[in-house]
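Structure first, commentary second.
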Amino acid sequence: MKAIVFDTFGGTEVLHEADLEIPQPGPGQVRVRIRAIGVNPVDGKIRSGAMEAIFPTTLPAVPGGEIAGTVDALGDGVHNLKIGDDVLGWSDTGSYAQYALADATVLAPKPATLTFPQAAALPVAGDGADRALDLLNLTAGETLLIHGASGALGTIAVQLAVARGARVLGTASPANQDYVTSLGATALVYGDHLVDRVRALAPDGIDAVLDAAGKGALEDSITLRGTTDRIVTTADFRARDLGIVFSEGPQRRDATRLAELARQAADGTLTVTVGATHPLTHAATAQQASDAGHSRGKLVLTVD
Ligand SMILES: NC(=O)c1ccc[n+]([C@@H]2O[C@H](COP(=O)([O-])OP(=O)(O)OC[C@H]3O[C@@H](n4cnc5c(N)ncnc54)[C@H](OP(=O)(O)O)[C@@H]3O)[C@@H](O)[C@H]2O)c1
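One gets our numbering by counting positions in the sequence shown from 1 and adding 35 to each.
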């Protein structure tokens, strides 16, 4: 099978095509013929070697962990899926490839009206957004500030927070102000004088902050909250030094919740934005865009 592999840590130039054996599913696993792959910022952080202290990678490695595709082989003991089922979820063997193995219990059925690229955009962002909002104990009537509301995780987090009954203020670049507004948030531009601009929009204060950008907004968040309490970041590794909660894995890989999000995406109650698609062979281009950190919604690789 065709796959993208890296043999050393470095920039996107370390990514190259390779021909690998098609993997065989073990007990409890299925093999998925991949149709679309979610590209996540963490893929680039792993490729660069920046994540080695947290979870070491054995090289050579196939990047990625998020897939949508069709089950094409079953391991022993798999009874919840059958060959031909369209699914979305997490891969155990990397995702930038034509095939991957996955734990059958962490795959959700793909609704027919959801495209494969939309489906591939849901597992990591959906899980990350859900987990962060749970950590914040967000409840109806509260005001939540989200840094990075236009990204893959921010896009889902805004909508899930609004669905919980919260008022959301969401930061993004000038180009994404209308987009963030369309998701249900009050949009504002990140950067200078953020504290004053947030206070003008929310004079009664901010009840909770989700940093989904990791671009240095934690100090402003503490100023706005008046405490480190109820501030969660998915992205800023300075969190612990500042006494702030870092929302980290292991991902819950909750197939029931993922299936629910997929149903909501299919019926239009949850907007899933695929900012750009690239063919699998252009993985380096996609990771360059991901590393730059300004893709609206999710970057997705497609596999013929
Ligand atoms: N811990 C977890 O469970 C978990 C799960 C998923 C993701 N993550 C992490 O969370 C972060 C977001 O992931 P993602 O997939 O949503 O990334 P993404 O799609 O690349 O989104 C990045 C967001 O950051 C914003 N941004 C860019 N430059 C900024 C700046 N200087 N100041 C403030 N905001 C800025 C972008 O806005 P514009 O595009 O409008 O500029 C965009 O909203 C990444 O660091 C990722 O690794 C963690």
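C-beta atoms are modelled at their ideal positions from N, C-alpha and C, and glycine is treated no differently.
| Check | Outcome |
| --- | --- |
| Does ligand 1 have a heavy atom nearer than 6 Å to the CB of His313? | no |
| Beta strand (DSSP E) containing His131: first to last residue? | Checking the sequence, you will find Tyr at residue 131 rather than His. Looking at the DSSP string, Tyr131 is not in any beta strand (DSSP E), and its letter there is neither H nor E. |
| What I want to know is whether the C-beta of Ala247 ends up closer than 6 Å to one or more non-hydrogen atoms of ligand 1. | yes |
| Report buried or exposed for Gln64, applying the criterion of at least 16 other Cβ atoms within 10 angstroms of its Cβ. | buried |
| Return the first residue and the last residue of the alpha helix (DSSP H) that Asp196 is part of. | In the sequence under discussion, the amino acid at residue 196 is Ala, which differs from the Asp named in the question. First-last of the alpha helix (DSSP H) with Ala196: 187-198. |
| Check whether the Cβ atoms of Leu218 and Val193 lie closer than 7 Å to each other. | yes |
| Along the beta strand (DSSP E) that carries Arg202, what are the first and last residues, could you check? | 202-207 |
| Leaving out five residues on either side along the sequence, give the residues of the same chain with a beta carbon under 6 Å from the beta carbon of Ser256. | Val244, Ile266 |
| Looking only at its own chain, which residues have a Cβ that is under 6 Å from the Cβ of Thr216, when we skip the five neighbours before and after it? | Ala222 |
| Would you kindly work out how many angstroms separate the C-alpha atoms of Ile69 and Ala147, rounded to a whole number? | 16 Å |
| Within its chain, find whatever has a CB closer than 7 Å to the CB of Tyr131; leave out the 5 residues flanking it on each side and keep chain order. | Ala38, Ile39, Ile72, Val97, Pro98, Gly99, Leu315, Ala318, Leu336 |
| Return the first residue and the last residue of the alpha helix (DSSP H) that Val309 is part of. | Val309 -> not in any alpha helix (DSSP H); beta strand (DSSP E) instead, spanning 309-314. |
| Does any heavy atom of ligand 1 sit closer than 6 Å to the C-beta of Tyr225? | yes |
| Does the stretch 167-176 touch the stretch 230-248, meaning 3 or more C-beta pairs lie closer than 8 Å? | yes |
| Would you say the beta carbon of Ser12 is closer than 6 Å to some non-hydrogen atom of ligand 1? | Only positions 36 to 339 of the chain appear in the structure, and residue 12 is not among them; the question remains open. |
| Can you check DSSP and say which residues form a bridge with Arg68? | Thr105, Tyr134 |
| Could you please give the first and the last residue of the uninterrupted beta strand (DSSP E) stretch that includes Asp213? | Per DSSP, Asp213 belongs to no beta strand (DSSP E); it is in the alpha helix (DSSP H), 212-217. |
| Do Leu116 and Ala85 have their beta-carbon atoms positioned less than 7 Å apart in this structure? | no |
| Quick check on this structure: which residue in Ala311, Arg298, Gly176 has the alpha carbon closest to the alpha carbon of Asp239? | Gly176 |
| Have a look at Thr268, Asp276, His51, Gly112 and flag the residue whose alpha-carbon is nearest the alpha-carbon of Ser282. | Thr268 |
| Does the distance from the C-beta atom of Thr320 to that of His313 stay below 7 Å? | yes |
| What did DSSP end up calling Asp169 once you bin it into helix, strand or coil? | helix |
| Out of Leu188, Ala53, Gly110, Gly251, state which residue places its alpha-carbon closest to the alpha-carbon of Gly163. | Leu188 |
| Cβ-heavy atom distance between Val244 and ligand 1 below 6 Å? | no |
| What I want to know is whether the C-beta of Lys37 ends up closer than 6 Å to one or more non-hydrogen atoms of ligand 1. | no |
| Does the beta carbon of Ser217 fall short of 6 Å from some heavy atom of ligand 1? | no |
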